[in-house]
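Some notes on the structure that comes next.
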Amino acid sequence: MSKIQEISKAIEFGKKKIMKGLVEEALAEGCKPIDILNQGMIEAMSVVGEKFKANEIYVPEMLVAARAMKEGVELLKPHLAGDKSAVLGKFIVGTVEGDLHDIGKNLVAMMIESAGYVVIDLGVDVSTEKFIEAIKANPDCNLVGLSALLTTTMPSIKKSVAAIIEAGLKNQVKIIVGGAPITQEFADLIGADAFAADAASAAAIAKAFVA
Amino acid sequence: MIIIGEKINGSIPSMAKAIRERDEAFIRDCAKRQAEAGANYLDVCASVEVEFEIETMKWLIDLIQEVTDVPICVDSPSPYSCVAALPLCNRTGLVNSVSMEGEKIDVIFPVIADTKWECVALLCDSKGIPNSVEKRLEVFENIMKRAKEFNIDPSRLHIDPLVETLSTNETALTTFAECAWEIKKRYPTIHVTSGLSNISFGLPARKLINQAFMVLAVNAGMDSAIIDPTNRDLLGMIYAAKALLEKDEYCLEYISAFREGLIGPLPKA
Numbered sequence: 009m010s011k012i013q014e015i016s017k018a019i020e021f022g023k024k025k026i027m028k029g030l031v032e033e034a035l036a037e038g039c040k041p042i043d044i045l046n047q048g049m050i051e052a053m054s055v056v057g058e059k060f061k062a063n064e065i066y067v068p069e070m071l072v073a074a075r076a077m078k079e080g081v082e083l084l085k086p087h088l089a090g091d092k093s094a095v096l097g098k099f100i101v102g103t104v105e106g107d108l109h110d111i112g113k114n115l116v117a118m119m120i121e122s123a124g125y126v127v128i129d130l131g132v133d134v135s136t137e138k139f140i141e142a143i144k145a146n147p148d149c150n151l152v153g154l155s156a157l158l159t160t161t162m163p164s165i166k167k168s169v170a171a172i173i174e175a176g177l178k179n180q181v182k183i184i185v186g187g188a189p190i191t192q193e194f195a196d197l198i199g200a201d202a203f204a205a206d207a208a209s210a211a212a213i214a215k216a217f218v219a
Numbered sequence: 078m079i080i081i082g083e084k085i086n087g088s089i090p091s092m093a094k095a096i097r098e099r100d101e102a103f104i105r106d107c108a109k110r111q112a113e114a115g116a117n118y119l120d121v122c123a124s125v126e127v128e129f130e131i132e133t134m135k136w137l138i139d140l141i142q143e144v145t146d147v148p149i150c151v152d153s154p155s156p157y158s159c160v161a162a163l164p165l166c167n168r169t170g171l172v173n174s175v176s177m178e179g180e181k182i183d184v185i186f187p188v189i190a191d192t193k194w195e196c197v198a199l200l201c202d203s204k205g206i207p208n209s210v211e212k213r214l215e216v217f218e219n220i221m222k223r224a225k226e227f228n229i230d231p232s233r234l235h236i237d238p239l240v241e242t243l244s245t246n247e248t249a250l251t252t253f254a255e256c257a258w259e260i261k262k263r264y265p266t267i268h269v270t271s272g273l274s275n276i277s278f279g280l281p282a283r284k285l286i287n288q289a290f291m292v293l294a295v296n297a298g299m300d301s302a303i304i305d306p307t308n309r310d311l312l313g314m315i316y317a318a319k320a321l322l323e324k325d326e327y328c329l330e331y332i333s334a335f336r337e338g339l340i341g342p343l344p345k346a
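In order, the protein sequence lines correspond to chains A and B. For the first sequence, the numbering used here gives the first residue as 9, with consecutive numbering after it. For the second sequence, the numbering used here gives the first residue as 78, with consecutive numbering after it.
Here is the structure:
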């Protein structure tokens, strides 16, 4: 197995502790940092996302895989400095006003970060104003995600998306929405660019937007 | 153990379908089975868009009251919907729920103050779910202050210290248990409640986690639970745990429940 494949396996199985050794060995063997990132890490998390979608692995296993990836990315950072192709963009995400549920939103943030975005997580119960402020404060933000679990907070998604469009920010960002009661229909109705049913799909969409 | 039957909830896909299709028989049957299994309250949650919520609640409550006298537990994230549903109920029941978020207490407490309606109170506020026992107890004390303002006796409150998912938070049960102990210590007549299914979200073989949680929660003082009363295994755990904790003199309730066919293996046909 090549070093990059070993790194990939380590991430898939959440082996954070051996990451340092593997990354050092890979670099020593002459593997390019950007290849280690793309083939060894981002690809691995993509596999993890698909396994989770297929119910082959469970939430805690996704969390430890992401933890191993984070460790790996930290180790690669000094070697990637200046390599712009490493960063796909900036993703601002939050659960909308009136809603405190965040597990799905957190998994989406994790997967999109693993796909190569920098992530700003605004948390839960995020007002329209807070979303808009955050987008304006981050001109390099090119993707915004809104999440809701309750049918009673779907109107908050609608309101926030409408406000983002009205503020003329659609030139800057694409909007992706999700959550248990959300459908493609709803996303189309409110003017969002995409709907994702799960974290893996969200990451795939995020990658496709900048491809 | 106060049992609140959880099945009439539109966030459950099969129930959402029945609500969409206005399947009266399905609703009546569900209410009847939960009542026969010994539910003390029947939770009713429409889980539809706000503009349809009250008419849907009315449709559900009317159907339930056709087949059983078990009091209703009115369930909505909107305090206005909760309040609108109260007059639709034939007898006093339970409001699900208030918390320190937004205006929930301002809307609900004044309406139930001079009645016998009981109320579930969640230990969260507009900042979200507090991430420590101390912070949850702070929210608890704020809720109790408001309850005192309206003369709502602690025995009318069912405090839900909030159960997070074990898959994303290893302290999910231990935090819950510490809160429950402390709450019962401060107000011995108050009830401690919880929805069950959160704890096992994201893990395989959820039933095992749910059952173990039930036993540990009863040990921590939980005396009210939002569950599927027709789940014999879970109900069995409740009776067994209570007997083991000296809360069932001579194990007579346990034996009764078994004899009535509510718990234990189903008699062979």
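C-beta atoms are modelled at their ideal positions from N, C-alpha and C, and glycine is treated no differently. Computed from a predicted structure; not experimentally measured.
- Short of 8 Å from the beta carbon of Val95/A, and not among the five residues preceding or following it, lie these beta carbons of its own chain, in chain order: Gly124, Tyr125, Val126.
- Residues of the same chain with a CB within less than 6 Å of the CB of Ala123/B, apart from the 5 flanking positions on each side, are Gly87, Glu130, Thr133, Met134 in chain order.
- The straight-line gap separating the alpha-carbon atoms of Ser158/B and Cys196/B is approximately 14 Å.
- With 16 or more other Cβ atoms from the protein chains shown falling within 10 Å of its own Cβ, Thr159/A counts as buried.
- The shortest CA-to-CA distance from Ile198/A to any of Ser168/A, Thr103/A, Ser209/A, Arg75/A is the one to Ser168/A.
- By the 16-neighbour rule on beta-carbons within 10 angstroms, Thr103/A is buried.
- Just measuring C-alpha positions, the residue of Leu199/B, Arg309/B, Ile141/B, Arg213/B sitting nearest Ser153/B is Leu199/B.
- For Leu108/A, the nearest CB of chain B lies under 7 Å from its own CB, placing it at the interface with that chain.
- Secondary structure of Lys204/B (DSSP, three-state): coil.
- Close partners of Ser203/B in chain A (Cβ separation under 7 Å): Asp133.
- For the 7 Å CB-CB criterion, Met49/A and Ile19/A form a contact.
- For Leu158/A, the closest Cβ of chain B is nearer than 7 Å.
- 7 Å or more divides the Cβ of Ala161/B from the Cβ of Val151/B.
- In this structure, the alpha-carbon of Ile104/B lies about 7 Å from that of Ile141/B.
- If you check each beta-carbon in the stretch 239–267 of chain B against every beta-carbon of chain A, the ones closer than 8 Å belong to Thr242, Ser244, Thr245.
- Counting the other Cβ atoms within 10 Å of the Cβ of Ile206/B gives 16 or more, which makes it buried.
- If you draw a straight line from the Cα of Thr307/B to the Cα of Arg110/B, it is about 7 Å long.
- At a cut-off of 7 Å between C-beta atoms, Gly272/B does not count as an interface residue with respect to chain A.
- In the same chain as Glu178/B, and ignoring 5 residues on each side of it, the C-beta atoms closer than 7 Å to its own belong to Cys201, Asp202, Ser203, in chain order.
- When Asn63/A, Ser10/A, Met119/A are compared, the shortest CA-CA separation from Arg75/A is found for Met119/A.
- Secondary structure note for Thr245/B: it is in no alpha helix (DSSP H), with a DSSP letter that is neither H nor E.
- Residue burial annotation: Tyr327/B is exposed, with fewer than 16 other C-beta atoms found within 10 angstroms of its C-beta.
- Counting the other CB atoms within 10 Å of its CB gives Pro41/A a total of 16 or more, which places it among the buried residues.
- Taking C-beta atoms as the reference points, Gly115/B and Ile149/B fail to come closer than 7 Å.
- In the DSSP assignment, Ile236/B falls outside any alpha helix (DSSP H) and lies within the beta strand (DSSP E) extending over 234–237.
- In the three-state scheme derived from DSSP, where H, G and I count as helix and E and B as strand, Thr252/B is classed as helix.
- Counting every other CB atom within 10 Å of its CB across the protein chains shown gives Leu234/B a total of 16 or more, marking it as buried.
- The beta carbon of Ile276/B sits no closer than 7 Å to any beta carbon of chain A.
- Three or more Cβ pairs closer than 8 Å define a contact, and the stretch 135–150 of chain A falls short of that threshold against the stretch 225–234 of chain B.
- Within chain B, no C-beta atom comes nearer than 9 Å to that of Val101/A; the closest sits roughly 15 Å away.
- Listed in chain order, the alpha helix (DSSP H) runs fully inside the stretch 61–106 of chain A are 67–88, counting runs of at least 4 residues.
- Boundaries of the alpha helix (DSSP H) around Ala161/B: 156–162.
- Distance check between Ile303/B and each of Arg336/B, Glu337/B, Phe217/B, Val172/B places Val172/B closest, using alpha-carbon atoms only.
- Restricted to the stretch 130–216 of chain A, the alpha helix (DSSP H) segments that are unbroken, complete and at least 4 residues in length are 136–145, 162–174, 192–198, listed in chain order.
- In the three-state reduction of the DSSP assignment, Met9/A falls in the coil class, being assigned neither a helical nor a strand state.
- With respect to chain B, the C-beta atom of Ile111/A has a partner C-beta closer than 7 Å.
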